[in-house]
Amino acid sequence: MRAQSGTPFRERWAQKRWPDVPTRFLLSRQDRLFPAGFQRRVVRDRLGIAPDEMDGGHLVALSRPVELAERLAASAAQV
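Under the numbering used here, think of the first position of the sequence shown as 81, with each following residue one higher.
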């Protein structure tokens, strides 16, 4: 294992805007690390979209793996 790069936290993203690619965001409503209100605001302000939402905490892949897989598959099928 190696240390995580600090670059994303120190430097601004070089692009002027988000690329023109299909973009979705899945918000976990009970995430206590990144509260739902914070996530909604950041997604709206930075990506210009409304997030999809599901129940679950920060590690939704561990707490609700089946629902997460179903949502990801459905999202991928729409692309």
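Glycine is no exception: its CB is placed at the ideal position from the N, C-alpha and C atoms.
Treat the numbers as computed from the prediction; the structure is a model and nothing was measured.
Suppose contacts are defined by Cβ-Cβ distances below 9 Å. Is residue i in contact with residue j by that definition?
{"i": "D125", "j": "L106", "result": "no"}
{"i": "F114", "j": "H138", "result": "yes"}
{"i": "L148", "j": "V140", "result": "yes"}
{"i": "M134", "j": "R120", "result": "no"}
Exposed or buried, which one is residue i when buried takes at least 16 other CB atoms within 10 Å?
{"i": "V146", "result": "exposed"}
{"i": "G136", "result": "buried"}
{"i": "S155", "result": "exposed"}
Quick one: what does DSSP say residue i is sitting in, helix, strand or coil?
{"i": "E150", "result": "helix"}
{"i": "R144", "result": "coil"}
{"i": "S155", "result": "helix"}
{"i": "R90", "result": "helix"}
Just to confirm the assignment, what range does the beta strand (DSSP E) spanning residue i have?
{"i": "D135", "result": "No beta strand (DSSP E) holds D135; DSSP gives it neither H nor E."}
Query raised in the report: Residue ranges of each alpha helix (DSSP H) run of no fewer than 4 residues wholly in the stretch 94-127, ordered along the chain?
Result: 116-122
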